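In this note's numbering, the protein residues as written are 8 to 481.
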Amino acid sequence: MDKGKPMHGMAKAKGCSHLRLGSFCKLFPDLPSWANDCDIQTQCEAEKIAELLGGAGGIMHDATSSSPDNTIPAAYTFFAQFIDHDITLDTTSELHGNELSKDEIKDLPNLRSASLDMDCLYGFGPEAMPFMYDQSQPGRMLIGNSKNDDDLPRNNEGRALIGDPRNDENIFVSQMQLLFLRFHNRRIIGRSFEDAQKDVRYHYQWIVLNDFLKRICDPEIYSYAIEQAREGNYPKCHILDHCNRVCMPVEFSVAAYRFGHTMVRSVYPANADYPVIDLFDERFGTEGFSTVPKELTVDWRFLLDVDDCHDYVTSKAIDHLLADELIRMPDPIVGRFASDNDRSLAFRNLLRGYALGLASGQRIAAALKDKGYPLNNNADLLFDEIPGWLCLDENLRKNLKDHTPLFFYLMREGGILGNGQHLGPVGSAILLEVFGAMLIQCDSFLKVNGWQPDSCVGGINLTLADIVRYVNSN
8 MDKGKPMHGM AKAKGCSHLR LGSFCKLFPD LPSWANDCDI QTQCEAEKIA
58 ELLGGAGGIM HDATSSSPDN TIPAAYTFFA QFIDHDITLD TTSELHGNEL
108 SKDEIKDLPN LRSASLDMDC LYGFGPEAMP FMYDQSQPGR MLIGNSKNDD
158 DLPRNNEGRA LIGDPRNDEN IFVSQMQLLF LRFHNRRIIG RSFEDAQKDV
208 RYHYQWIVLN DFLKRICDPE IYSYAIEQAR EGNYPKCHIL DHCNRVCMPV
258 EFSVAAYRFG HTMVRSVYPA NADYPVIDLF DERFGTEGFS TVPKELTVDW
308 RFLLDVDDCH DYVTSKAIDH LLADELIRMP DPIVGRFASD NDRSLAFRNL
358 LRGYALGLAS GQRIAAALKD KGYPLNNNAD LLFDEIPGWL CLDENLRKNL
408 KDHTPLFFYL MREGGILGNG QHLGPVGSAI LLEVFGAMLI QCDSFLKVNG
458 WQPDSCVGGI NLTLADIVRY VNSN
């Protein structure tokens, strides 16, 4: 691998413009941006604030691993990543660019369909992408390679033959992709490819709504959204493009759905023989885009509640802190020429929020309250209690307290109002708006009256752990 070039979605994809499947948009296109409220005149000013908050040694840097654990099994961090790669891919917007207008944002192509259709798993199907499919067993997905049967299919250079190359960017999301490939290959028995694909999608969508979002979101906001949907009053925001497709709100893709970054641990267990491996460890190839060594095949019992008699690790708290490994990302992730700031995922998230003209957390909270959400748009997020906060310039502190960048606001909200266990009300509302739109507007199990998961897989209480148990029972 050329360490001078970033491999993990940090660089632009070339030759992909013809693959546009959707577009980006804003939940609240008429709100002024955070930068406008703070009277930020230049990109340099925005970068300085992003550095103070999200750079190395900044407010969001968990240099001493002080962020506590929450109760969500660690596997959900990588399931969240898998979902992200299913619904959004922006290869066009500039990290170090000027603030875009709402019309310019509408012109940004989304190279994934915002519909939970698992295009990251199936690609464009067996006719358009036959290299992903088993030609000896029609309709089945290829699995394994000459070096490891418990790995993704790969070409001679070790690159994965999958629907979205990002699902090979670390061993855990790679093995999550493998899990769903195997799930498809079990569900296709006695079914056509089309029926199996729909069956897998519906089980996946059920887990997203009834397992994943229930764990990640504020319980009151989740219940409100479910009740409003049952009454036909959901979603509250209009996010359909001119082709009547769900567009991807940047409040979701650039801020709210980046909650998973705060859940990342510095080390994880892979299995009994390798109970501690670094998130980015070149000795083991955990930085991805290469064959998973057989000895590192992931045993999900160590990261998920698969076995009542087996301990598993949980995620870090959903709060404003990111692990040191994500603040100082190594060369294989960002390239050897990346600046110190560009190595920080927190910095990148904040700066991208500026470039895409995101409104402040306070304005988004007020707008959601106006839509009927039961939330307090004047919640005290206790900024003065954040270590290092009082060291910031007094005028900057006041500005940030009144007009907080959305990503920072939502993560702090999760830490304070969600006690680190789940997102706060505003972050939860954004997630539920977008997932609700995808499930209600697109082809989903909600369109099939009375559809429920197969009792052999897990029934109505289906969780991600049930998928593991079902696949492993073969």
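Idealized CB from N, CA, C, for every residue including glycine. Just so you know, these numbers come straight off a predicted model, no measurement behind them.
Strand pairing of residue i, partner residues [DSSP]
{"i": "R161", "result": "A167"}
{"i": "L123", "result": "According to DSSP, which records beta bridges pairwise, L123 is partnered with nothing at all."}
{"i": "C254", "result": "None; C254 has no bridge partner."}
{"i": "L304", "result": "Looking at the sequence itself, residue 304 is Thr, so the reference to Leu does not match. According to DSSP, which records beta bridges pairwise, T304 is partnered with nothing at all."}
{"i": "S30", "result": "P116"}
{"i": "M148", "result": "Y140"}
{"i": "D275", "result": "According to the sequence displayed, residue 275 carries Tyr and not Asp. Looking at the DSSP assignment, Y275 forms a beta bridge with I284."}
{"i": "K109", "result": "K109 is not bridged to any residue."}
{"i": "T321", "result": "P80"}
{"i": "A330", "result": "D69"}
Per-residue burial, residue i [other beta carbons within 10 Å of its own, 16 or more giving buried]
{"i": "A203", "result": "buried"}
{"i": "G342", "result": "buried"}
{"i": "G466", "result": "exposed"}
{"i": "C463", "result": "exposed"}
{"i": "A279", "result": "exposed"}
{"i": "T411", "result": "buried"}
{"i": "G425", "result": "buried"}
{"i": "K33", "result": "buried"}
{"i": "L399", "result": "buried"}
{"i": "F390", "result": "buried"}
{"i": "F89", "result": "buried"}
{"i": "V283", "result": "exposed"}
{"i": "N133", "result": "The question names Asn, yet the displayed sequence has Pro at residue 133. Label assigned to P133: buried."}
{"i": "A472", "result": "buried"}
{"i": "L388", "result": "buried"}
{"i": "R194", "result": "buried"}
{"i": "S181", "result": "buried"}
{"i": "N481", "result": "exposed"}
{"i": "I196", "result": "exposed"}
{"i": "E392", "result": "exposed"}
{"i": "T470", "result": "buried"}
{"i": "E401", "result": "exposed"}
{"i": "C224", "result": "buried"}
{"i": "L247", "result": "exposed"}
Minimum C-alpha distance to residue i - residue among the options
{"i": "G156", "options": "L186, V180 and C127", "result": "Contrary to the premise, residue 156 reads as Asp rather than Gly in this sequence. The shortest C-alpha separation from D156 is found at L186."}
{"i": "I252", "options": "W458, N117 and G379", "result": "Reading off the sequence, residue 252 comes out as Arg, not Ile. If we check each option's Cα against that of R252, N117 comes out closest."}
{"i": "N3", "options": "H210, G431 and D126", "result": "Absent from the structure is residue 3, since the part of the chain shown begins at 8 and ends at 481."}
{"i": "S73", "options": "L328, V441 and P412", "result": "L328"}
{"i": "G434", "options": "F266, M270, D285 and N468", "result": "F266"}
{"i": "D315", "options": "G443, R476 and D450", "result": "R476"}
{"i": "G130", "options": "K113, S143, M148 and Q142", "result": "M148"}
{"i": "P39", "options": "F190, R194 and K109", "result": "K109"}
{"i": "D461", "options": "A232, H210 and R350", "result": "H210"}
{"i": "P381", "options": "P339, G395, A436 and S143", "result": "A436"}
{"i": "A87", "options": "I112, T269 and T298", "result": "T269"}
{"i": "H429", "options": "A366, I393 and E227", "result": "E227"}
{"i": "D91", "options": "V257, N402 and R237", "result": "V257"}
{"i": "D126", "options": "L96, G368 and S153", "result": "L96"}
{"i": "I169", "options": "S367, M136, R404 and N456", "result": "M136"}
{"i": "S30", "options": "H249, F344 and D326", "result": "H249"}
{"i": "H103", "options": "N348, K405, F415 and N174", "result": "N348"}
{"i": "N456", "options": "A386, T304 and R237", "result": "R237"}
{"i": "D93", "options": "P172, G422 and D225", "result": "P172"}
{"i": "Y83", "options": "D377, G395 and A324", "result": "A324"}
{"i": "G165", "options": "N152, N174 and N177", "result": "N152"}
{"i": "V299", "options": "S367, R161, I79 and T99", "result": "R161"}
{"i": "S351", "options": "K301, E332, A372 and A386", "result": "E332"}
{"i": "L417", "options": "L403, R370, F442 and D450", "result": "R370"}
{"i": "Y241", "options": "I474, N43 and G443", "result": "G443"}
{"i": "A53", "options": "D318, A362 and Q142", "result": "A362"}
{"i": "G395", "options": "T99, N43 and G65", "result": "G65"}
{"i": "D338", "options": "V207, L188, E106 and G295", "result": "G295"}
Assumed close pair residue i, residue j - CB separation to whole angstroms, cut-off 8 Å
{"i": "L413", "j": "G360", "result": "6 Å"}
{"i": "L123", "j": "Q212", "result": "5 Å"}
{"i": "A262", "j": "G61", "result": "Between G61 and A262 the Cβ distance is about 13 Å, and since that is not below 8 Å, they are no contact."}
{"i": "A81", "j": "Y275", "result": "6 Å"}
{"i": "S322", "j": "N77", "result": "6 Å"}
{"i": "F287", "j": "I334", "result": "Not quite, the Cβ-Cβ distance comes to about 12 Å (not below 8 Å), so this is no contact."}
{"i": "F309", "j": "F179", "result": "That belief does not hold up - the Cβ atoms of F309 and F179 are roughly 11 Å apart, past 8 Å."}
{"i": "L453", "j": "I447", "result": "6 Å"}
{"i": "L358", "j": "A57", "result": "5 Å"}
{"i": "C254", "j": "E440", "result": "With 8 Å as the limit, C254 and E440 do not qualify as a contact, their Cβ atoms being about 12 Å apart."}
**Study point:** 4-residue-minimum alpha helix (DSSP H) runs that sit fully inside the segment 383-431, ordered along the chain
**Key:** 401-409 and 413-423
Exercise for review: Starting from the N-terminal side, write out each stretch of the alpha helix (DSSP H) that is 4 residues or longer and does not extend beyond the segment 44-82.
Suggested key: 50-61
Check your understanding: Quick one: complete beta strand (DSSP E) runs, 3+ long, within the segment 197-267?
Key -> none
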